[in-house]
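Colleague:
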Amino acid sequence: MRIFLALALLCSLLLSGCEFFTPDTSRALSQTRQMEEMQKQTQQLERQADALERLVDRSGSASRADGAGGAGITIPISP
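Just so we're aligned: the sequence shown equals residues 0 to 78 in numbering that gives the first Met the number 0.
As structure tokens, this is what we get:
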């Protein structure tokens with residue numbers, strides 16, 4: 000019984016020691032995940048901006064073909 004207690008204490012000391020010796024590990028992993036998420040969101044926003052530009056181009060060419068002269072949909076795109 001004492002052996003199991005000693006092993007349990009040793010394991011708990013080793014596990015708590017990992018956080019003591021490398022406290023920034025979890026923070027670094029969290030920051031890495033955040034950066035990956037931000038990159039995914041940036042790529043998604045770029046795809047959405049491209050799609051909006053294509054829609055604007057199509058509506059502009061359609062209004063010129065109809066002779067409407069600017070009666071198409073205008074979507075402002077800020078930089």
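Glycine included, C-beta positions come from ideal geometry on N, C-alpha and C.
#1: In whole angstroms, what is the alpha-carbon distance linking Ser11 and Glu45?
#2: Specify the secondary structure class of Ile76 as computed by DSSP and reduced to three states.
#3: Helix, strand or coil, according to DSSP, for Met0 in the structure here?
#4: Can you tell me the Cα-Cα spacing of Thr31 and Leu51, whole angstroms?
Modeller: According to the structure shown:
#1: 48 angstroms
#2: Looking at Ile76 - three-state DSSP - the assignment turns out to be coil, as it is neither helix nor strand.
#3: coil
#4: 30 angstroms
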